[in-house]
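Data block below; observations after.
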Amino acid sequence: FFLIYDYKKLQKFSQIGLVVSIILLILVLIIGKPVRDVRRWLTIGPVNFQVSELTKIFIVIFLANYLDRKKSKIKDFFSGLLPALIAVGAVVFLIAIEPDLGIPLVIVIVSAILLFIAGARWIHLFSITAVAAAAGYLAIISKGYRIERFISFLNPWKYSDSSGYQLVQSLISLGSGGFWGRGLGNSQLKKFYLPEMHTDFIFSIVGEELGVIGVLLIVLLFVSLLYNGCKIALEATDLFGTLLAAGVTFTIVIQAFFNIAVCCGCIPTKGISLPFFSYGGSSLITTFIGIGILANISQHKRKDIRIK
493 FFLIYDYKKL QKFSQIGLVV SIILLILVLI IGKPVRDVRR WLTIGPVNFQ
543 VSELTKIFIV IFLANYLDRK KSKIKDFFSG LLPALIAVGA VVFLIAIEPD
593 LGIPLVIVIV SAILLFIAGA RWIHLFSITA VAAAAGYLAI ISKGYRIERF
643 ISFLNPWKYS DSSGYQLVQS LISLGSGGFW GRGLGNSQLK KFYLPEMHTD
693 FIFSIVGEEL GVIGVLLIVL LFVSLLYNGC KIALEATDLF GTLLAAGVTF
743 TIVIQAFFNI AVCCGCIPTK GISLPFFSYG GSSLITTFIG IGILANISQH
793 KRKDIRIK
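So in my numbering the end of the sequence shown lands on 800, straight run, no missing numbers.
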């Protein structure tokens, strides 16, 4: 649908999409299905879906449309920038209290990138970054388990039987694959050793089964997506298309590299899936919607730009 539906027509649904996202996020907190003391899913009949995954696309569409319409005022904080920040802040807050810090972090970074592309002042971007960093710090220290995750991240082997267990098993899984891997389907760590191996830590299982070759292919896939997504953004016929393509591209790629960084022990553990690979219908549907939008924008590219 998003492949053939003219992306420019998405502008008229951008505000509705934002409002629907906020309403659904509020409903998640009230009637959402709790899983391990976390409310992230809404249940409609036999279908469970993670609202925050869909919100990633809605907020990108909203920002692309808003920044396109307000491009002449974007350097003014109150009349141009503040309304966008309020919208992003509301969405980020509602997702963060589910609780979930992974997707809010992706949304904040992508929003900052779109503001930069739209021409926001550097001083405003630095101020937003400082406020976001302070909010993130407060969110981490407000929960004991997040502090434990951060401490165990610094030395996971010391806490290998408690808060560092998941990361240690992830590193063992990655390291045991060698160059060629154990072979597809031959992972040992996925047999009750590595928690969330089919979602947040699928990259580690790929490393164990397909080795260095497998993980390099995945990394190259997302690097290729980044290049082609940026190329589509540069060739778009209007600012809305540029912002939309950039937003979709960076949403997918940043989430992917956060997931990979977690599996490799480069950043603290957080619940964030690997696009295209992790188990979960909400994430996969959202990713394919984004790819459909990118393909649609590429069909309307400018003819006067050639990127070698």
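C-beta: ideal position from N, C-alpha, C; glycine also.
Point to revise | Cβ-Cβ distance between isoleucine 697 and serine 679 below 8 Å | key: A distance below 8 Å separates the beta carbons of isoleucine 697 and serine 679.
Check your understanding: By how many angstroms is the C-alpha of serine 668 removed from the C-alpha of serine 716?
Key -> Just so you know, the alpha carbons of serine 716 and serine 668 end up roughly 27 Å apart.
Check your understanding: How close, in whole Å, do the beta carbons of glutamine 658 and threonine 761 come, if the pair is a contact with beta carbons under 8 Å?
Key -> Correct: roughly 6 Å between the Cβ atoms.
Exercise for review: Along the beta strand (DSSP E) that carries asparagine 647, what are the first and last residues, could you check?
Suggested key: Asparagine 647 -> no beta strand (DSSP E), and no H or E assigned at all.
Check your understanding: For tryptophan 533, which three-state DSSP category applies?
Key -> In the structure shown, tryptophan 533 sits in a strand (DSSP, three-state: E or B).
Exercise for review: Please state whether DSSP places asparagine 476 in a helix, a strand or coil.
Suggested key: Look at the range of the chain in this structure, 493 to 800, and you will see that residue 476 is not part of it.
Exercise for review: Look at the Cβ atom of tyrosine 771, then the Cβ atom of histidine 690, and state whether they are nearer than 8 Å.
Suggested key: Between tyrosine 771 and histidine 690, the CB-CB gap stays under 8 Å.
Review point. Do you know whose CA, among Thr547, Ser564, Leu646 and Val707, lies nearest isoleucine 508's CA?
Key: When C-alpha distances from isoleucine 508 are compared across Thr547, Ser564, Leu646 and Val707, the shortest belongs to Thr547.
Check your understanding: Relative to the alpha-carbon of isoleucine 578, which residue among Ile514, Ile536, Ser634 and Gly782 has its alpha-carbon at the smallest distance?
Key -> The option with the nearest alpha carbon to isoleucine 578 is Ile514.
Check your understanding: When DSSP builds the beta bridges, which residues end up paired with valine 527?
Key -> DSSP, once it has assigned bridges, lists Val530 as partnering valine 527.
Exercise for review: Compare the C-alpha of leucine 534 against each of Val520, Ser654 and Glu545 and name the closest.
Suggested key: Comparing Cα positions, the closest option is Val520.
Exercise for review: Take arginine 531 and list the residues in its own chain whose beta-carbon comes closer than 8 Å to its own, dropping the five residues that flank it on each side.
Suggested key: Apart from sequence neighbours up to five positions away, the residues of its chain that approach arginine 531 with a beta-carbon distance below 8 Å are Val520, Leu521, Gly524, Lys525 and Glu590, ordered along the chain.
Point to revise | Close beta carbons around valine 584, own chain, < 8 Å, minus the five adjacent residues each side | key: Excluding sequence neighbours, valine 584 sits near Pro596, Ile599 and Val600.
Practice item. Spatial neighbours of glycine 703 within its chain, please: CB distance less than 7 Å, with the 5 preceding and 5 following residues excluded, ordered by chain position. Key: Once the five neighbours on either side are set aside, the close Cβ partners of glycine 703 are Gly669, Gly670, Phe671, Trp672 and Gly673.
Point to revise | Three-state secondary structure (DSSP) of leucine 593 | key: Reduced to three states, the DSSP call for leucine 593 is coil.
Practice item. Taking all protein chains shown into account, decide if alanine 625 is buried (16 or more other Cβ within 10 angstroms of its Cβ) or exposed. Key: Label assigned to alanine 625: exposed.
**Study point:** Span separating the alpha-carbon of glutamate 545 from that of alanine 748
**Key:** So the alpha carbons of these two residues sit roughly 14 Å apart.
Exercise for review: In angstroms with no decimal places, state the Cα-to-Cα distance between leucine 718 and isoleucine 724.
Suggested key: Taking the straight line joining both Cα atoms gives about 10 Å.
Practice item. Look at the alpha carbon of valine 539 and the alpha carbon of valine 711, and state the distance between them as a whole number of angstroms. Key: In this structure, the CA atom of valine 539 is about 32 Å from the CA atom of valine 711.
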